[in-house]
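**Student:** Here you go, one structure.
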Amino acid sequence: MKKLLMLLFAAILFAACGGGGQDNAGETPKTDDAATKTDDATTKTENGNPSYDPNRGEGKYTKVEVGATLDAAMADKGEKVFGVKCGSCHKLSDEKLVGPGWKGVTSRHTPEWIMNFVTNTDEMLNKDPKAQAQLEICLVRMPNQNLSDDEARSLYEFMRKNDGIK
Amino acid sequence: MKRIKSLLLITMMLMAVTAYYSCKPKNAGTAVNSDAASKVYVAPGKYDEFYNFVSGGFSGQLSVYGLPSGRLLRVVPVFSVDPEKGYGYSEETKPMLNTSHGFVPWDDLHHTELSQTNGEIDGRWIFVNGNNTPRVARVDLTTFRTSEIIELPNSAGNHSSPFITENTEYVVAGTRFSVPPDNVNGDVPINSYKKNFKGYISFISVGKEDGKMDIAFQIQCPGVNFDLSHAGKGKSHDWFFFSCYNTEQANTLLEVNASQRDKDFIMAVNWKKAEEYLKAGKGKKVPAKYAHNTYNEKSHSATSEMKNEVVVLDAKELKDICDFIPCPKSPHGCDVDPTGEYIVGSGKLAALIPVFSFDKLQKAIADKAFDGEYDGIPVVKYEAALHGEVQKPGLGPLHTEFDGKGNAYTTFFVSSEVVKWNIKDLKVVDRAPTYYSVGHLCIPGGDTKKPNAKYVIAYNKITKDRYLPTGPELAQSAQLYDISGDKMQLILDFPTIGEPHYAQAVSADVIKNNSVKFYKIDENVNPYVSKGEGATKVVRTGNKVDVYMTCIRSHFSPDNIEGIKVGDEVYFHVTNLEQDWDVPHGFAVKGANNGELLIMPGETQTLKWVAEKPGIAPFYCTDFCSALHQEMQGYVRVSPVGSNVPLTFSTGKNMPAADTTAPAK
């Protein structure tokens, strides 16, 4: 009896002291929209999701108009962008540097996929099976280089030039 | 019997419990209510509700905390070098710390003031003062970087600063240590203070759009110690108020000799009047030497300009700019309520708080209700300007902030407490102990027209037993009180850097969305930028070698450099080619008698390194950037003077020859 009472009091005391407000601890934290979402990146793979179009990728580009012949002026602009923002990690040959070489890239991917990848890099790396397969080889996440739409498009034209389109 | 025993036991235990909970709190551990934790808990990944910009005191830096969590978010380097960020070490940032005394790598940062529009915090900049080598700095709140520092001539110890007018027209400064002016021979006996020493107040204009600072004018005042200040508001918009002590004009043992008079002064300055005199050509252009340093976010470099003239107005000659209001016992804080009607002086040796009325002051000046003059400045009759005194509020009042609901909160250093009192009827409403010896306090917007009075934060001067002991030197301490109810409620202790003096707090919404995420590489106009690896090069000019280098996850270009000779001054100009948020790269090279670089995306920074002996010096990225960060490194080969090793540089090309045995020595 005495022991029981002691226990009871200990429990009351404990409850009174310990109830000091970690009430929120069990709550699921909601990430602020500005905060990064890399934490759950691995769980967001859209592998096997039938609504995902792996040829288009994830991003705003659904249809990229590409001419029958090369737009040389645009390709020149793209080459300049390449020099500042891409050339550190990509060769124009098929040789891998940090990232894969660019030779043949326009035949490996659709223009939409490429445009989405270079402008929406983080989300593509989180979702797209082909992008993820490449990441497993390179092990460096491609940096988001914050390309404007214009830069991205001219860069694609430069890729075409590099692939021999005249 | 057993039953009785049990009953007895229960009774005893109940008594013990009651005693435990009813005993008077001896320390804050027992004073804290059980809901305190939930009030300060910010869940992982969630943002704090307020930014708290806290003076870093003798660290010379500005610290930024989140409230209510008390988490340290950033230390912004301002007046002191900061090797962590390369501030004061990179060639680009060194000019920020230039003064008329040359490069000064340290200062004592006391007060903070957020820019205002119409008396409300606009979240554009925060101004801070350097107390030792008198300076005022402006920190840009889109980048959280020091944009500008201006030195103050004719001053020594800039304490009553950097308080601002309601539309940030001016930021002020006032000399704490009166000294002989800069343009006269200052080689005079120290005990000739009364004759030779003067007190200067500076009004620094602030550009409406770009925030650019310039000393618009100085006012020469009697030689006293100017301590703190605050601008008028609303009806008192045209006025600024400065507390001053040592009206005894003592030059030694001020502890005793500057505490003789029953009353010192609050100096009321009509700055609109000063502007009129300035326009009328009453200012004298006086030779002076002071540095004005600005940081350009496009060239990512600072420039330092030495100014050589300042305009001075003489308060003795131009009588209606300044008036003295007597204020008991060496006043310290000088605070104006949100309506602009009440001016609270806090005599640090007083046991009461005098509150002055702006309307009464105006009438007194109009009626010439003076008690003679002090060194040529009219002294208003104490009673003529007084609204009333708070009787027995505590011991040693220092600073006051306001809640916008008619209450003032004043700190008491000697009696270690924050006291809430009603401004109109001067009655004490509530008091809360601080641990220990509180100095400044802060309510978000608490010195503006529109306080956001959810919390008051006390910045304590003494920490003692509040945290785990860490040897003789302890963490500095701040305490957060919930003031949303009638009673102040202590909810958090948090440690701070340096000695925290004044602080400002503002709703995060005012600032967080304007934050810059990276610098656009296209806009980089640093003369040493390399826009792409194709632009990298190494150029020798005599014994000066410029290395134009780039970095991106995860390599430098070039990463092999040969042909450097002993005694060469090598400048590594490193451009970060990344264009995304939170991808800085670091740069450090073995043996640099210097610091590191921390280069933000799109930025160029330069580290100077002198090659001192033949051999191989590695360099590497110091800021973990990717899975291959440990691979982000390079080598510089240093050869003896007269060596014929040609200057070469490359990335990924310098492959071993077939036979790679090292040559015998």
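From first to last, the protein sequence lines are chains A and B.
Here our numbering is used: the first residue of the first sequence is 2, the next is one more, and so on.
Here our numbering is used: the first residue of the second sequence is 257, the next is one more, and so on.
Glycine included, every Cβ here is placed at the ideal spot set by N, Cα and C.
(1) My guess is that Gly455 (chain B) and Pro478 (chain B) are in contact by the Cβ rule of under 8 Å, so how many angstroms apart are they, rounded?
(2) So, using beta-carbon positions, are Val568 (chain B) and Gln474 (chain B) closer together than 8 Å?
(3) Given this structure, state the Cα-to-Cα distance separating Ala73 (chain A) from Ser319 (chain B), to the nearest angstrom.
(4) Can you name the residues of chain B whose CB is closer than 8 Å to the CB of Val67 (chain A)?
(5) Return the residue from the list B:Lys743, B:Gln505 and B:His829 that minimises the CA-CA distance to Pro689 (chain B).
(6) Quick one: what does DSSP say Ile808 (chain B) is sitting in, helix, strand or coil?
(7) For Gln516 (chain B), which three-state DSSP category applies?
(8) Report all residues from its chain with a CB closer than 7 Å to the CB of Arg722 (chain B); omit the five preceding and five following residues, and keep chain order.
(9) Does the distance from the C-beta atom of Glu755 (chain B) to that of Phe383 (chain B) stay below 8 Å?
(10) Name the chain A residues that come within less than 8 Å of Ser813 (chain B), Cβ to Cβ?
(11) Is the shortest distance between the beta-carbon of Glu859 (chain B) and the beta-carbons of chain A less than 8 Å?
(12) How big is the Cα-Cα spacing for Ser89 (chain A) and Leu863 (chain B)?
(13) Looking at Ala412 (chain B): is its Cβ nearer than 8 Å to the Cβ of Val435 (chain B)?
(14) Determine the direct distance from the alpha carbon of Phe359 (chain B) to that of Asn388 (chain B), and round the result to whole angstroms.
(15) Tell me which residues of the segment 825–847 of chain B have at least one Cβ-Cβ distance to chain A shorter than 9 Å, keeping chain order.
(16) At which residues does the beta strand (DSSP E) containing Asn549 (chain B) begin and terminate?
(17) Within the same chain, show all residues whose beta-carbon is closer than 6 Å to that of Thr907 (chain B), passing over the 5 residues directly before and after it, in chain order.
(18) Could you give the residue range of the alpha helix (DSSP H) that holds Met125 (chain A)?
(19) Any beta carbon of chain B sitting closer than 8 Å to that of Gly100 (chain A)?
(20) Any C-beta of chain B sitting closer than 8 Å to the C-beta of Glu28 (chain A)?
(21) Between the beta-carbon of Asn121 (chain A) and the beta-carbon of Glu59 (chain A), is there less than 8 Å?
(22) Residues in its own chain within less than 7 Å of Thr29 (chain A) by CB, not counting five upstream and five downstream?
(23) Run through chain A and tell me which residues come within less than 7 Å of Arg809 (chain B), C-beta to C-beta.
(24) Does any C-beta atom of chain A lie closer than 8 Å to the C-beta of Thr806 (chain B)?
(25) Under 7 Å Cβ to Cβ from Ile377 (chain B), same chain only, skipping five residues before and after it: list those, please.
(26) Could you give the first and the last residue of the continuous beta strand (DSSP E) run that contains Tyr598 (chain B)?
(27) For chain B, check one thing: does any of its Cβ atoms lie closer than 8 Å to the Cβ of Asn117 (chain A)?
(28) What are the boundary residues of the alpha helix (DSSP H) that includes Ala622 (chain B)?
(29) Kindly indicate which three-state DSSP category Gly490 (chain B) falls into: helix, strand or coil?
(30) Quick one: does Gly60 (chain A) have its CB under 8 Å from some CB of chain B?
(31) Just the chain A side, please: which residues come within less than 9 Å of Ser672 (chain B) by C-beta, in chain order?
(32) To the nearest angstrom, report how far apart Asp576 (chain B) and Tyr758 (chain B) are at their CA atoms.
(33) Let me know the secondary structure DSSP gives Met744 (chain B) once reduced to three states.
(34) Is the separation between the beta-carbon of His415 (chain B) and that of Asp483 (chain B) shorter than 8 Å?
(35) How many angstroms separate the CA atom of Asp466 (chain B) from the CA atom of Arg394 (chain B)?
(36) Tell me the rounded alpha-carbon separation between Ala76 (chain A) and Glu347 (chain B).
**Tutor:** From the atom records:
(1) 6 Å
(2) Result yes, Cβ atoms of Val568 (chain B) and Gln474 (chain B) sit closer than 8 Å.
(3) One C-alpha to the other measures close to 52 Å.
(4) Residues of chain B passing the Cβ test: none, with the nearest at roughly 25 Å.
(5) B:Lys743
(6) It is a strand residue.
(7) Here Gln516 (chain B) sits in coil by DSSP.
(8) Spatial neighbours of Arg722 (chain B) in its own chain (CB-CB distance under 7 Å, excluding positions within 5 residues in sequence) are listed in chain order as Tyr691, Ser733 and Asp749.
(9) no
(10) Ser89
(11) Taking Cβ atoms only, chain A never reaches closer than 8 Å to Glu859 (chain B), which makes this a no.
(12) 22 Å
(13) yes
(14) Cα to Cα, Asn388 (chain B) sits roughly 14 Å from Phe359 (chain B).
(15) Leu833, Glu834, Gln835, Asp836, Trp837, Asp838 and Val839
(16) Annotation for Asn549 (chain B): the continuous beta strand (DSSP E) segment containing it runs Lys540 to Asn552.
(17) Ser813, Pro814 and Asp815
(18) According to the DSSP assignment, Met125 (chain A) belongs to the alpha helix (DSSP H) that extends over Thr122 to Lys128.
(19) no
(20) Because Glu28 (chain A) sits at a pLDDT of 41, beneath the cut-off of 50, its placement in the model cannot be relied upon, and the following sentence gives the value as read from the coordinates. Cβ-Cβ to chain B under 8 Å: yes for Glu28 (chain A).
(21) yes
(22) Here the model assigns Thr29 (chain A) a pLDDT of 41, short of 50, so the residue's position is not dependable, and the following value carries that caveat. Cβ within range, chain order: n/a, list empty.
(23) Against chain A, the beta carbon of Arg809 (chain B) has neighbours under 7 Å at Val141 and Pro144, listed in chain order.
(24) Closer than 8 Å to some Cβ of chain A, the Cβ of Thr806 (chain B) qualifies, so yes.
(25) Leu370, Gly701, Thr704, Val762 and Val766
(26) Tyr598 to Gly603
(27) no
(28) Phe614 to Ala622
(29) helix
(30) no
(31) None at all; the shortest Cβ gap to chain A is about 25 Å.
(32) 31 Å
(33) If DSSP states are grouped into helix, strand and coil, Met744 (chain B) belongs with coil.
(34) yes
(35) 11 Å
(36) 38 Å
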